[in-house]
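Chemist: So that we are looking at the same thing, I have put the structure below in C-alpha cells.
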Amino acid sequence: MDKITWALIAIVAGAVIGAGLTYVFKKLPEKWLQDYDYDPKAPDFRLSKRMKFIPHGVISAALLAIAYSAAIVCDHDGFFLGGANPYRLIAVLLAWPVIIMVAMSDRLNRIIPDEFSIALLVIGIGSTIGDCLVRSPWHSPYAAWYVPLLNHVIAGVAGFGVLWVIGFLSETFLGKEGMGMGDMKLLGACGMLCGCYGLIVTLYVGIILGGLFAIPLFIRKRIRIARENKMIRESSDPVAARRELAKKKANIHFADDPDYLAFGPFLALGAGVFIALEPVWHTQLFGVFAAMGVYF
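Numbering (my numbering) for the sequence shown: 421 to 716.
Right, dumping it as C-alpha cells:
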C-alpha cells in the first residue's frame, strides 16, 4: 500500500482508539486518580473527574488521528514503514494513548498516575531494546551496541533529575513545591522513551506549549482579581466581602483551582511530538546536534 492509504488507515485507527479512551478512562480505579493518602471519608474528599465524550473524547480522537497520520506522512527512508526496526512504530502506537490519558488525568484531577509513567517506561524499554538490536539512525554506525542503551538510560535519569533539582531548589529557597513527584516520574519515563535527543525536544516543546497556555491563564487571572477587588470596594461591608471571598477560595478543591496550570500534559505531549515526528527531528536537527558535539 502507498503512503496515502496508510495515512488514511492511521487517521481512522487514531480516531477510533482516541474515542475509546473515554471508556477506558472511566474504568480506571479511583485510587489511580487520587493522592496516595486520600481518604474517601474525609470531609473534603472529591471523586475524581472522568473523561466525557464531549469534549474529551473528541479531543483525544483528533489528537490520536493527527499523531498517527503525522507519523506516516513524515516517514522517510523506512524510519517507520518497511524499516528493519518495527519497535519505533510500535512505540508510537502504544505510547500516544497513554500520553493522552496522562494529559487528561493531570488536567482533570491534578494527578499523574504512577501506572501511566510505568507504562511509558516499559514502552521506552522496548524501544531501547529495538535500538540495541537494530542500529539506531541517531547513532554512529561504528558505535558499540550498548551506546543506545546508555543514551536512553542517561536520558531517563536526567529527565527525573532535572525536575527533582527544580523542585528541591523551589522548596529550599521559595518554601513551596516547584515540581510534583508525578512530573518527575513522567519526565524520567519520557527520557527512557525518547533518549537524550528526544529529551531535549520534549523539554523545548513542553516549555513552549506551556508558555502558550500560561499567557491566557495569567490574563484571565488578572481580570478575575480586578473584578473581585471591584466587588469588594463596592460592597457595603468590604471586610465581610473579603472574608466571604476567602472562605469560598478555601473550599475549592486543589484540583479545581482555576489558576493551576498542569505541566505534565505539556511534557507528555512534547515526548509524543518527538516520537511521532522522529524522522523530521532526525533530518532537521541531527546536524545541529552533531555540530554541538552531541553525537554518539
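In this text, a Cβ means the ideal position worked out from N, Cα and C, and glycines have one as well.
Is LEU501 helix, strand or coil when you go by DSSP?
Modeler: Taking the sequence shown and counting its residues from 1, one reaches residue 501 at position 81. Coil.
Chemist: If you draw a straight line from the C-alpha of PHE633 to the C-alpha of TYR562, how long is it?
Modeler: As a working note, residue 633 is residue 213 in the sequence shown. As a working note, residue 562 is residue 142 in the sequence shown. One C-alpha to the other measures close to 43 Å.
Chemist: Would you say LYS596 touches the ligand NAD, meaning its beta carbon is less than 7 Å from a heavy atom?
Modeler: By its list of ligands, the structure shown contains no ligand whatsoever, and the ligand NAD lies outside what it can speak to.
Chemist: On the criterion of 16 or more Cβ atoms from any shown chain inside 10 Å, does TYR393 qualify as buried, or is it exposed?
Modeler: Because the chain is modelled from 421 through 716, residue 393 falls outside the range shown and cannot be assessed.
Chemist: Contact between the stretch 496 to 511 and the stretch 544 to 557 is defined here as three or more beta-carbon pairs at a separation below 8 Å; is this criterion met?
Modeler: Yes: the two stretches touch, three or more of their Cβ pairs being nearer than 8 Å.
Chemist: How many angstroms separate the CA atom of GLY438 from the CA atom of ASP459?
Modeler: In the sequence shown, the residue the question calls residue 438 occupies position 18. In the sequence shown, the residue the question calls residue 459 occupies position 39. Their Cα atoms are separated by approximately 32 Å.
Chemist: Please report how far the alpha carbon of ASP422 lies from the alpha carbon of GLY498, in whole angstroms.
Modeler: Start at 1 with the first residue of the sequence shown, and residue 422 comes out as number 2. Start at 1 with the first residue of the sequence shown, and residue 498 comes out as number 78. So the alpha carbons of these two residues sit roughly 13 Å apart.
Chemist: Taking one C-beta from the stretch 596 to 612 and one from the stretch 525 to 534 each time, how about it: are there three or more such pairs within less than 8 Å?
Modeler: Judged by Cβ distances under 8 Å, the stretch 596 to 612 makes contact with the stretch 525 to 534, as three or more pairs qualify.
Chemist: On a CA-only basis, which of ALA485, ASP495, GLY440 and ARG647 is nearest ILE474? Give me that one, please.
Modeler: The count along the sequence shown starts at 1 and reaches residue 474 at position 54. If we check each option's Cα against that of ILE474, GLY440 comes out closest.
Chemist: Rounded to whole angstroms, what's the CA-CA distance from LEU689 to VAL432? Just pull it up for me.
Modeler: The count along the sequence shown starts at 1 and reaches residue 689 at position 269. The count along the sequence shown starts at 1 and reaches residue 432 at position 12. Rounded to whole angstroms, LEU689 to VAL432 spans 21 Å at the Cα level.
Chemist: Determine the burial state of GLU698: buried for a count of at least 16 other Cβ atoms within 10 Å of its Cβ, exposed for fewer.
Modeler: As a first step, residue 698 is located in the sequence shown; it is residue number 278 there, counting from the start. By the neighbour-count rule (16 or more Cβ atoms within 10 Å), GLU698 is buried.
Chemist: What does the Cβ neighbour count give for GLN704, buried or exposed, with the cut at 16 atoms within 10 Å?
Modeler: Here residue 704 is taken as the residue at index 284 of the sequence shown, counted from 1. Under this definition GLN704 is an exposed residue.
Chemist: Suppose the cutoff is 7 Å on Cβ atoms and the five residues either side in sequence are ignored; what does the same chain contact list for TRP584 look like?
Modeler: As a working mapping, residue 584 is identified with position 164 in the sequence shown. So the qualifying residues of the chain are MET604.
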